[in-house]
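2 protein chains.
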Amino acid sequence: MSAVLTRPTLLESQPAADPCAHCDARPSSVCNAIGERDLSRLAALTQVVEAAPGHTFISEGEPASHFFNITRGTAKLFKLLPDGRRQITGFATAGHFLGLAVSDTYAFSAEALEPTRYCRFPRNKLRGLLRDFPAMEARLLEVASNELVAAQEQMLLLGRKTARERLASFLVTLYRHSAPCGRTRTRFPLPMTRGDIADYLGLTIETVSRTLTVLRKEGLIDIPGPGVLIIANAAALERVAGGLN
Amino acid sequence: MSAVLTRPTLLESQPAADPCAHCDARPSSVCNAIGERDLSRLAALTQVVEAAPGHTFISEGEPASHFFNITRGTAKLFKLLPDGRRQITGFATAGHFLGLAVSDTYAFSAEALEPTRYCRFPRNKLRGLLRDFPAMEARLLEVASNELVAAQEQMLLLGRKTARERLASFLVTLYRHSAPCGRTRTRFPLPMTRGDIADYLGLTIETVSRTLTVLRKEGLIDIPGPGVLIIANAAALERVAGGLN
DNA sequence: CGGTCACTTGATCGTCTTCAATACCAGTGG
DNA sequence: CCACTGGTATTGAAGACGATCAAGTGACCG
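Top line first, the protein sequences correspond to chains A and B. Its first residue numbered 1, the first sequence is counted upward by one per residue in our numbering. Its first residue numbered 1001, the second sequence is counted upward by one per residue in our numbering.
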């Protein structure tokens, strides 16, 4: 393949103003711990990058040179076994911070699902920044704590829930995250494929497809078209997700 | 039941000297981020508690009033579904810090496996301490990052590995943690029951028992008595754990 | 149009679960 | 001393859930 066909990351050589000042993702990201006045210091370390769908911008096991902050789009985070079995550990959307690890190699891979934009910071330089801005360190701890809680919830799902409960849990979580501020939408996009959902829930494509069909026939959800999901009966879905019925 | 029979936590009314100064777990815990001179401030907030085997000292869903630091023994951390299905998310030994969560309720329960000692700190007071000692906050972030990596590894196990691979992974992890400083021991205690192992690996007691028997007959491990494990062929076990063969 | 890709649906298979019986040990009390 | 109990572990037989194998559809695209 030629370099063009592999769709490498496009580096936007941010010539003009402060990229952080106009960042859509700032309110929901860790960067909001840094005041307006000090943003330029952060911006000086920042490199804005665009990843095309399917592009892997973090590879498990490679030297961990950067931290990442997603500002647009969605990426899947995953780990692989030697024979190709894959476990998606999470989906990262705008505001998510990636690369938190003490190890000197990445513990997971990340691949863009949609056109995805992210900032990256050299690890060593960010360390100094954290020293100067303890508020950002506190914010990172907050983020990491929340992710830890989510990871434990996912362990419960993977270890103890049935396929039906897993799908319900997944859809309910999407539903809850569909609008950050209290308000939820019943109709929202489903950017991941059946294969991605399967690898996230520890199932196969076929089981995901079958189970979605069942939930649809029961009237709990609807899938009017590819990539679109409608929550028709949120209460019932939450009950299923919790293991009742 | 009477209060005596339920074996409640015994509060050691630490009358004498600084508990932190003589703490065995300090080198491996987050407290080592605080210098000798400031230890007294930490000690003033600390309450040393002893938990008998089987005692639940953190309950999922209850108001999160404290942080915890295990200093001796082992505890299992777990989440429950309404019908009683249980997922153990980890085992906490000396040096482990518990309770990192932004939520105002605990996200998991913790139960002592052996006689277990821990320190507890009121949440609100520790916040002030973290403000004054950024080094401790940095240390907590480090701990949380490591736990996050471990959690992702566990997701891979629960979502994609076979029973055989799960057991091998579990035993290899125990093996690696058997001695912190490089040196590993081939014989070490196995304080958890088959039920605990099953709930940690997303299996049943019977499958755990059967699989251990197979590994034993293959000569990869030996179980000379209850609670004792011998790693006979670490290399082969690691291969199985990694999904090869 | 042929090609690929994502998805759905059906039939069969296999791993792990479930149900059940047995053994073992420690503690307790007749 | 020994029966009785409760907890833990092992082992066997049957069953179920999800995986695997396979076929077919529709959308998109060169």
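By construction, the Cβ of each residue, glycine as well, lies at the ideal position given by its N, Cα and C atoms.
Between the alpha carbons of residue i and residue j, how many angstroms are there, rounded?
i	j	result
residue 103(A)	residue 1129(B)	27 Å
residue 1080(B)	residue 1087(B)	6 Å
residue 1197(B)	residue 1205(B)	8 Å
residue 1153(B)	residue 1144(B)	14 Å
residue 98(A)	residue 1083(B)	35 Å
residue 178(A)	residue 171(A)	10 Å
residue 142(A)	residue 125(A)	21 Å
residue 218(A)	residue 244(A)	16 Å
residue 140(A)	residue 30(A)	6 Å
residue 1049(B)	residue 1146(B)	26 Å
residue 1054(B)	residue 1174(B)	21 Å
residue 1036(B)	residue 1028(B)	15 Å
residue 1064(B)	residue 164(A)	31 Å
residue 167(A)	residue 183(A)	22 Å
residue 202(A)	residue 22(A)	39 Å
residue 148(A)	residue 120(A)	22 Å
residue 150(A)	residue 176(A)	13 Å
residue 1060(B)	residue 77(A)	28 Å
residue 200(A)	residue 240(A)	18 Å
residue 1085(B)	residue 1038(B)	44 Å
residue 216(A)	residue 207(A)	14 Å
residue 1214(B)	residue 1062(B)	41 Å
residue 1110(B)	residue 40(A)	44 Å
residue 228(A)	residue 118(A)	25 Å
residue 1194(B)	residue 1105(B)	29 Å
residue 212(A)	residue 232(A)	13 Å
residue 1127(B)	residue 127(A)	22 Å
Spatial neighbours of residue i within its chain, please: CB distance less than 6 Å, with the 5 preceding and 5 following residues excluded, ordered by chain position.
i	result
residue 1025(B)	1071, 1094, 1095
residue 107(A)	101
residue 135(A)	33
residue 1051(B)	1009, 1057, 1112, 1116
residue 7(A)	Low confidence applies to residue 7(A): its pLDDT is 45, below 50, so where it sits in the model is not reliable, and the reading given next is rough at best. Hits under 6 Å: 52, 55.
residue 1131(B)	none
Give me the Cβ distance between residue i and residue j, rounded to the nearest whole Å; I'm assuming they're in contact under 8 Å.
i	j	result
residue 1123(B)	residue 1067(B)	6 Å
residue 238(A)	residue 1138(B)	Incorrect: roughly 38 Å between the Cβ atoms, too far for contact.
Keeping to the same chain, check which residues put their C-beta closer than 8 Å to that of residue i; ignore five residues upstream and five downstream.
i	result
residue 1074(B)	1091, 1092, 1093, 1112, 1113, 1114, 1116, 1191, 1192
residue 1003(B)	With a pLDDT of only 33 at residue 1003(B), under 50, the local geometry of the prediction cannot be trusted, and the value read off the model is given with reservation. Same-chain partners within the cutoff: there are none.
residue 1230(B)	1186, 1187, 1221, 1222, 1223, 1224
residue 1133(B)	1033, 1034, 1038
Below 7 Å CB to CB, which residues in the same chain sit around residue i once its five sequence neighbours on both sides are set aside?
i	result
residue 1161(B)	1169, 1243
residue 1234(B)	1175
residue 259(A)	The question about residue 259(A) has no answer here: the residues shown for chain A are numbered 1 through 245.
residue 236(A)	220
residue 1089(B)	1077, 1078, 1079, 1108
residue 1210(B)	none
residue 189(A)	227, 228
Return yes when at least one heavy atom of the ligand PLP lies under 8 Å from the C-beta of residue i, else no.
i	result
residue 1031(B)	Here there are no bound small molecules, and the ligand PLP is not part of this structure.
Problem - Complete runs of the beta strand (DSSP E) confined to the region 1182 to 1226 of chain B [at least 3 residues] - result: Contiguous beta strand (DSSP E) elements confined to the region 1182 to 1226 of chain B occur at 1187 to 1189, taking only those with 3 or more residues.
Exercise for the section: Mind listing, in chain order, the continuous alpha helix (DSSP H) runs of no fewer than 4 residues lying wholly within the region 1097 to 1139 of chain B? Expected result: Segments of the alpha helix (DSSP H) lying fully in the region 1097 to 1139 of chain B: 1123 to 1132.
Practice task
Ignoring anything shorter than 3 residues or poking outside the region 14 to 70 of chain A, list the beta strand (DSSP E) runs there in chain order.
Solution key: With a minimum length of 3 residues, the continuous beta strand (DSSP E) runs that stay inside the region 14 to 70 of chain A are 47 to 51, 56 to 58.
Exercise for the section: Report yes or no: do the region 1156 to 1164 of chain B and the region 1030 to 1046 of chain B share at least 3 C-beta pairs separated by less than 8 Å? Expected result: No: the two stretches stay apart, fewer than three of their Cβ pairs being nearer than 8 Å.
Problem - Ordered list of alpha helix (DSSP H) runs contained in the region 148 to 179 of chain A, each at least 4 residues - result: At a cut-off of 4 residues, the continuous stretches assigned as alpha helix (DSSP H) that sit fully inside the region 148 to 179 of chain A are 163 to 177.
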